[in-house]
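If you count by this note's numbering, then the sequence shown holds residues 5 to 167, one letter each, in order. First comes the structure, then the notes that go with it.
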Amino acid sequence: MPDKQPIFLKSVIILIACSLFFLYAALRTSVQRAACEKNSGIITYIGNQFGRFPESPKDRFIQLNGKAPVYKIFIGKSKTDIKPRFEQLDKLKTGDTIIIFFDESLFSTKDPYVNYSTTFIDKNGEVYYEKGNMQRPLAIGMMIVCLLATAGTYLLKRLGKIR
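Structure representation (structure tokens):
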């Protein structure tokens, strides 16, 4: 019979660390406007295709003042898409003055030419876009899986299956 490896402590430490990370991720996904960076300007381009990106009915690209970055905004149209909480981007047009709020945090892809992290868009104090939030339920689900695995590891230890 093979010797039991002492993995209990290592497993519990790793699983608790993962649980704490997912707790942080769940709390961090609720971004408020005050915590976001913002950029305001005149829309010089708005459409569903830009540069190297192919045309897509699920995306909108907005450029302000004719300068980088271009804001790539996922609006989703299918039942399975992670849709925005609120979206009326098709009412915006070239020449409108807007404020784009974005969150370039730990979970964002940094690109000097394209910003993927738009969270809100306002025009004249009215909301035109608010990002949906599938990351929070996913992070909570993963945290629960880690906690269940921790409980399972403890049970295996109590049963003498692991050291």
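Glycine included, every Cβ here is placed at the ideal spot set by N, Cα and C. Every value quoted in this text rests on a predicted model; they were computed, and no experiment measured them.
Can you tell me the Cα-Cα spacing of residue i and residue j, whole angstroms?
i	j	result
M138	V131	20 Å
K135	G156	36 Å
V35	Y133	14 Å
E59	A30	32 Å
R167	C22	21 Å
I79	R64	7 Å
P73	I102	15 Å
I11	F57	47 Å
Would you call residue i buried or exposed, if buried means 16 or more other Cβ atoms sit within 10 Å of its Cβ?
i	result
Y75	buried
I178	With the chain covering 5 to 167 only, the question about residue 178 has no answer from this structure.
F26	buried
N119	buried
F54	buried
E41	exposed
Quick check on DSSP: helix, strand or coil for residue i?
i	result
D107	coil
L93	helix
P141	helix
T98	coil
S23	helix
R64	strand
G51	strand
Y75	strand
For residue i, which of the options has the nearest alpha-carbon?
i	options	result
I20	E134, L151, L142 and A72	L151
G129	I104, I18 and Q53	I104
K71	S15, S44, R140 and F106	S44
T48	K97, I11 and C40	K97
I144	K14, F12, L13 and L24	L24
L93	P61, Y117, F12 and K114	P61
T123	F12, R89 and Q67	R89
F106	I125, D100 and P141	I125
M147	E91, I18, P10 and I66	I18
E91	A153, K127 and L163	K127
K95	Y158, K87 and G51	G51
V16	G164, Y117, A153 and G99	A153
D100	Y117, I66, P116 and K114	I66
Which whole-angstrom value is the C-beta distance of residue i and residue j, which I expect to be below 8 Å?
i	j	result
R32	S109	7 Å
I46	L68	7 Å
Flag residue i as yes if its beta-carbon sits less than 8 Å from any beta-carbon of chain B, otherwise no.
i	result
P73	No chain B is part of this structure, which consists of one protein chain only.
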